[in-house]
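Asker: Numbering (my numbering), first residue to last: 61 to 299. The beta carbon of each residue, even a glycine, is placed where N, CA and C say it ideally should be.
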Ligand SMILES: [Zn+2]
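1. Which value, in whole angstroms, describes the spacing of the CA atoms of residue 213 and residue 198?
2. For the pair the region 184–200 and the region 160–169, tell me if three or more CB-CB distances fall below 8 Å.
3. In the DSSP assignment, what are the bridge partners of residue 332?
4. Within 10 angstroms of the Cβ of residue 286, are there 16 or more other Cβ atoms? Answer buried if so, exposed if not.
5. Which residues end up in the neighbourhood of ligand 1 when you take C-beta atoms closer than 7 Å to any of its heavy atoms?
6. From residue 169 to residue 183, what distance separates their C-alpha atoms?
7. Give the straight-line distance between the Cα atoms of residue 121 and residue 127, rounded to the nearest whole angstrom.
8. Since residue 166 and residue 231 should fall inside the 8 Å C-beta cutoff, what is the C-beta to C-beta distance between them, to a whole number of angstroms?
9. If we count the other Cβ atoms within 10 Å of its Cβ and call it buried at 16 or more, is residue 137 buried or exposed?
10. To the nearest whole angstrom, what separates the beta carbons of residue 266 and residue 124, a pair I think is in contact under 8 Å?
11. Between the region 240–255 and the region 269–289, can you find at least three pairs of beta-carbon atoms closer than 8 Å?
12. Can you tell me which of 108, 104, 91 puts its alpha carbon nearest to the alpha carbon of residue 260?
13. Looking at the strands, I want to know which residues DSSP matches up with residue 220.
14. Judging by CA-CA distance, which residue of 234, 223, 276 is the nearest neighbour of residue 94?
15. Label residue 83 either buried or exposed according to how many other C-beta atoms from any shown protein chain fall within 10 Å of its C-beta, with 16 as the threshold for buried.
16. Could you name each continuous alpha helix (DSSP H) segment of 4 residues or more that falls completely within the region 159–208, going from the start of the chain to the end?
17. Suppose the cutoff is 8 Å on Cβ atoms and the five residues either side in sequence are ignored; what does the same chain contact list for residue 205 look like?
18. Please tell me whether residue 221 and residue 90 are closer than 8 Å, where the distance is taken between their beta carbons.
19. How would you call residue 236, buried or exposed, if buried means at least 16 neighbouring beta carbons within 10 angstroms?
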């Protein structure tokens with residue numbers, strides 16, 4: 061009970077004076093984990109979480125996606141963006157890439173109050189708006205962690221809350237490309253949203269994506285789509 065009361069107080073502060081009854085539980089329906097099961101596509105999504113060591117950018121992976129014009133969606137954290145300005149420009153310039161955000165400093169959102177969560181979520185959204193004239197609507201919480209406050213804040217900011225239904229596990233250094241591919245392939249189905257990393261933490265990511273794009277997906281009649289395409293399920297016009 062105390063948690064509920066506290067939550068309502070926080071939400072009250074966040075939303076200001078309102079006469080609307082507010083039911084945060086309803087907001088959970090806003091968390092998107094997959095597209096329609098009738099959609100013949102899957103979304104390959106790549107988180108760009110900040111890194112302490114290394115380049116923080118999987119150049120061979122990006123080169124592969126571009127060379128083969130494979131639609132993909134990137135979730136950029138603010139801290140990653142400030143260290144990768146040319147890469148941000150490059151990714152934004154690709155018509156078959158979609159860019160969303162992934163928090164400012166990659167915080168554990170449920171450990172923070174509404175105001176702090178708002179700041180963490182809004183940081184890279186503003187940066188993309190002000191510095192790159194780009195409206196980023198898609199949002200994915202760092203670590204995939206969220207609570208009712210997160211859902212309410214994301215909704216209030218007019219963003220779309222994008223999780224996944226297939227975790228590749230690609231940052232795990234103990235997994236081989238084969239193991240990652242087997243796990244993803246076993247679960248890939250129409251409408252799937254698959255999470256990978258493009259910050260260099262996934263040593264096998266490029267190999268896995270190549271196998272998916274050239275073998276696993278085509279054999280099942282599935283094609284890679286950007287998240288917003290997957291959600292409206294209009295296959296990309298080939299050009
Ligand atoms: Zn992340």
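Answerer: Well, looking at it:
1. CA-CA distance, residue 213 to residue 198, rounds to 13 Å.
2. Remark: three or more beta-carbon pairs, one from each stretch, lie closer than 8 Å, so the region 184–200 and the region 160–169 are flagged as touching.
3. Only positions 61 to 299 of the chain appear in the structure, and residue 332 is not among them; the question remains open.
4. It counts as buried.
5. With 7 Å as the limit, the residues whose C-beta approaches a heavy atom of ligand 1 more closely than that are 107, 109, 137, 162, 166, 202, 203, in chain order.
6. CA-to-CA, the gap between residue 169 and residue 183 works out to about 13 Å.
7. So the two alpha carbons sit approximately 10 Å from each other.
8. Not a contact, Cβ separation roughly 13 Å.
9. With 16 or more Cβ atoms within 10 Å of its Cβ, residue 137 is classed as buried.
10. Taking C-beta atoms under 8 Å as the contact rule, residue 266 and residue 124 qualify, at a distance of about 6 Å.
11. Enough Cβ pairs lie closer than 8 Å, so yes.
12. Ranking the options by Cα distance to residue 260, first place goes to 108.
13. Answer is 198.
14. Nearest of 234, 223, 276 to residue 94, Cα basis: 223.
15. At residue 83 the pLDDT is 37, less than 50, meaning the model places this residue with poor confidence and gives no usable figure here.
16. Correct list: 174–192.
17. So the qualifying residues of the chain are 168, 169, 170.
18. Note that the C-beta distance between residue 221 and residue 90 is below 8 Å.
19. If you draw a 10 Å sphere on the C-beta of residue 236, you find fewer than 16 other C-beta atoms in it, and that means exposed.
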